[in-house]
Structures are given as C-alpha cells and as structure tokens.
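Q: After the structure tokens below, expect a handful of questions from me.
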Amino acid sequence: MTENQFIGELETALKQLPAEERNDIIQDIREYFTDGREDGKSESEIATSLGSPTNIAAELLASYSFEENEVEMTSTNEIITIQDNQFTNVDIDVQHGALFIRPSDNLITTVELIGSNEKLQLTAEVVGDTLFVRLKSLRHWLLMFNFNIKAVTLNVFIPKKLYQSIAMKTDNGRISAEKLLGKKVDANADNGRIQLREIAATTLVAETDNGRIDIVKVQADHLRTKTDNGRIEMHYVDADSIAAESDNGRIELKHVSGSIVGITDNGRITLQTDSLDRNIDFQTDNGSIVIQSSSEPKNVSIHAKTGHGKIDIFGERNSRTVIGAGGHTIRLKSDNGRITVG
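Residue numbers (the working numbering): 2 to 343.
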C-alpha cells in the first residue's frame, strides 16, 4: 500500500472526527511516512508497520462520542457575579460546553454562560474556602443518547492571587486557562482539547481522553500531561520534572527545562533545547525521535535503541555514547523509527 492509498483510506474511515483532530492525525501519519523513507524503508513496509487504516480508525473512533440528533432550543446569556473573594480553592465542573478561565480585573468573580438554554443549569457559589461552579444538563438522557445540544461557552473570571488549588473539568468541551497562579492546578477533559498558557504552579496536571494538549509559557515544579488520542505540545516550559504521554499522537517539546519522560504509542517525539545535561527518557512504538540542541552536552550517557531505523548521535551511529562523566542519562527507544540527536 502506498502513502496516498493509506492516507485516503484513513481519511475516509475518520470522516466522523472533528476536522481539526482528523487533520492532526493525518499530518502525524504523513510525517511517519517521511521519516520511514529517510530510513530507507519502502512505503509498503511503512504501511505494514502502522497496521490497517481501518483498525487505526476504529481504535480512535471507539472513544469518541458523536452527535446524532439536533435539539432545537432558545439560547440566551447568563451572568453570575460573586463579591466574596476570600476563597482559596476553585472547583469547576462543566457537563457540556467549552470552559475558559481567566483572571479578573478586580476582586469580583464573574461567571458568564454564552448560549444558555432551558436544558442547562448554571450554579456558582462559595462554600467555605472553595468556589464551586457547575454547569449541568437538566435532561441527562440527552447526553446518554448523544443528542446534539447547541455548543455553549462558560467564561470564568477569578481575582488575581495565589490559589491552593484550581480544578477544571469538562465532559464534552475544551478547556482554556491563562495567567493563573496555584499550588495545584488540574485540567481534565473527557472529550476536548486543553490549552494552558502563562500558568505558575507547584503541580500541574492536564489530562484528556480525546484531544490535543497545548502548554505555553508555564512554570511548575512537576508537570504531567496525558491524552489517549491527540498530540502534546509544550513551548517555553520551566519545570523540575515533565511527563508527557500520548497513546496516539506526537509529542513536541520546544525550550523546556527539567527532567523529561515522553511516551507515545503512535507518533514522533521531538525536542528542541539549549541544553541536554539532564535526565531524558523518550519511548515510541511507531515514530522517530529527534533531538536538536544548540550546544553539545558535557555530562551525559546516551542510550539509543531502535528496532527498525537509523541511529545518529552527533554524527555517529552509536547505540551508546558517554560524554564527560556520564552523570545524566538519556534513554531513547523507538520500535519503528529513526533516532537523531544533534
């Protein structure tokens, strides 16, 4: 099977997916073919290593919920304001809709629902030291049978300060958070992408079953990200430790600090950095591993292993390279794909 045949079958099988998610998957597959050709493989061999397009699509589609019928309803906007600013914890749970959380310009908390309708119930209140925001469906059978409820957006604006915890959850919808400060920050989406920008936290966790994860300009002691279906991208992240895991999707890291663990079943792993003097562990079943550093490390031991693909460590085809005392360990493993460090 050629690349175009493989892509054609996969696109047809994935036509139910949102266009943005489908395009991300197709792009990753095309890059996998490109990497394979650079390693000297034929398109037929590359296609065989990936497996059947039908099986790949079935695995991806199995975890998505799809809309079948449309429910007509009248939409309005709803706003709740809260004067109490003594809370130190934030807990937001959205059953249906996109969630955007930002700092407010004053000490007032504002919760704004765009597209409110009679099938949804919005509540926001401070209980003890916690702000609770809930957006629920009043007709649970609508979600059970995957009816198409018109998309809504929930905007939450909270006072600027250090929070003990910020928890954000959506069942069906994206999460976007910016300019937040919290000791513990959690973002969890069942179906939807997660975008976190300009956030400082001791512990930061972002998990989604279906959707990509984008992390930009973040500071954290410990950062953990996981998606079952979607890519993970991190740009300008300052952390002590980073963990990124994707079952189906690439992992792309640019200018991130700290020790890194990156694992994906299907997708490439790339890292652009200024320094490699740290512990790094990259593993992918199907995809290449490419590390680009502006300077050579001074104290690392690099262990590279690939089942089918070339190894290039600073111009040498060595599965093990020790630089200096080898104080830091870099482990790179790909079952099907090249490994390049330079």
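We treat Cβ as the ideally placed atom computed from N, Cα and C, and that holds for glycine. Only a predicted model underlies this, so the values are computations on that prediction, with no experimental measurement involved.
Let me make sure I understand the geometry here. Which of N319, S302, V342 has the alpha-carbon closest to that of A326?
A: Translated into positions along the sequence shown, residue 326 becomes position 325. Closest by alpha carbon: S302.
Q: Between V291 and the rest of its own chain, which residues show a CB-CB distance below 6 Å, the 5 nearest in sequence each way excluded?
A: The residue you call residue 291 lines up with position 290 of the sequence shown. The answer, listed in chain order, is T271, T341.
Q: Please classify D106: is it buried, with 16 or more other beta-carbons within 10 angstroms of its beta-carbon, or exposed?
A: As a working note, residue 106 is residue 105 in the sequence shown. By the 10 Å Cβ count, D106 comes out exposed.
Q: Using DSSP bridges, identify the partner residues of E39.
A: Taking the sequence shown and counting its residues from 1, one reaches residue 39 at position 38. Looking at the DSSP assignment, E39 forms no beta bridge with any residue, so it has no partner.
Q: From the DSSP output, in three-state form, read off R225 for me.
A: Your numbering for residue 225 matches position 224 in the sequence shown. If DSSP states are grouped into helix, strand and coil, R225 belongs with the strands.
Q: Evaluate S45 with the Cβ neighbour count: other Cβ atoms within 10 Å of its Cβ, from every protein chain shown; 16 or more gives buried, anything less gives exposed.
A: For the purposes of this step, residue 45 is taken as the residue at position 44 of the sequence shown. The residue in question, S45, is exposed, as its Cβ has fewer than 16 Cβ neighbours within 10 Å.
Q: Does the separation of the CB atoms of F88 and T131 fall below 8 Å?
A: Sequence index remark: in the sequence shown, residue 88 carries index 87 (1-based). Sequence index remark: in the sequence shown, residue 131 carries index 130 (1-based). Against a cut-off of 8 Å, the Cβ pair of T131 and F88 comes out as a contact.
Q: Among G343, L121, K227, L100, whose alpha-carbon lies nearest the alpha-carbon of T154?
A: Position 153 of the sequence shown, counting from 1, holds the residue named residue 154. Answer by Cα proximity: L100.
Q: Output needed for S294: all residues of its chain with C-beta closer than 6 Å, excluding positions within five of it in sequence on either side, in chain order.
A: Position 293 of the sequence shown, counted from the start, is the residue given in the question as residue 294. For S294, where only same-chain residues beyond five positions count, the Cβ hits under 6 Å are T274, L277.
Q: Contact check, R332 vs H304 under 8 Å by CB: the rounded distance?
A: As a working mapping, residue 332 is identified with position 331 in the sequence shown. As a working mapping, residue 304 is identified with position 303 in the sequence shown. R332 to H304, Cβ: 5 Å. Contact.
Q: Just to confirm, is the Cβ distance from Q220 to D191 under 8 Å?
A: Counted from its first residue, the sequence shown places residue 220 at position 219. Counted from its first residue, the sequence shown places residue 191 at position 190. Cβ atoms of Q220 and D191: not closer than 8 Å.
Q: Assuming S177 and Q165 make a contact with CB atoms under 8 Å, what is their CB distance in whole Å?
A: The count along the sequence shown starts at 1 and reaches residue 177 at position 176. The count along the sequence shown starts at 1 and reaches residue 165 at position 164. Contact doesn't hold; Cβ gap of about 22 Å is too wide.
Q: Closest to D187 by C-alpha separation, out of N156, L224, N211, K161, would be which residue?
A: In the sequence shown, residue 187 corresponds to position 186, counting from 1. Out of N156, L224, N211, K161, L224 has the C-alpha closest to the C-alpha of D187.
Q: Roughly how many angstroms lie between the CA atoms of E79 and V134, to the nearest whole one?
A: For the purposes of this step, residue 79 is identified with residue 78 of the sequence shown, where counting begins at 1. For the purposes of this step, residue 134 is identified with residue 133 of the sequence shown, where counting begins at 1. Going by the C-alpha atoms only, they are around 13 Å apart.
Q: Thinking S242 and R269 are a contact (beta carbons under 8 Å), I'd like their distance in whole angstroms, please.
A: As a working note, residue 242 is residue 241 in the sequence shown. As a working note, residue 269 is residue 268 in the sequence shown. Not a contact, Cβ separation roughly 22 Å.
Q: Closest to I109 by CA distance: which of I93, D94, I81, I115 is it?
A: Residue 109 sits at position 108 when you count from the first residue of the sequence shown. For I109, the nearest C-alpha among the options comes from I81.
Q: Excluding sequence positions up to five away, which residues of its chain have a Cβ less than 6 Å from the Cβ of G259?
A: For this step, residue 259 is matched to residue 258 along the sequence shown. The answer, listed in chain order, is A240, D241, S242, I243.
Q: Do D25 and R175 have their C-beta atoms within less than 8 Å of each other?
A: Taking the first residue of the sequence shown as 1, we reach residue 25 at position 24. Taking the first residue of the sequence shown as 1, we reach residue 175 at position 174. Going by C-beta atoms, D25 is not nearer than 8 Å to R175.
Q: For Q122, list the residues DSSP reports as bridge partners.
A: Here residue 122 corresponds to residue number 121 of the sequence shown, with the count starting at 1. Per DSSP, K137.
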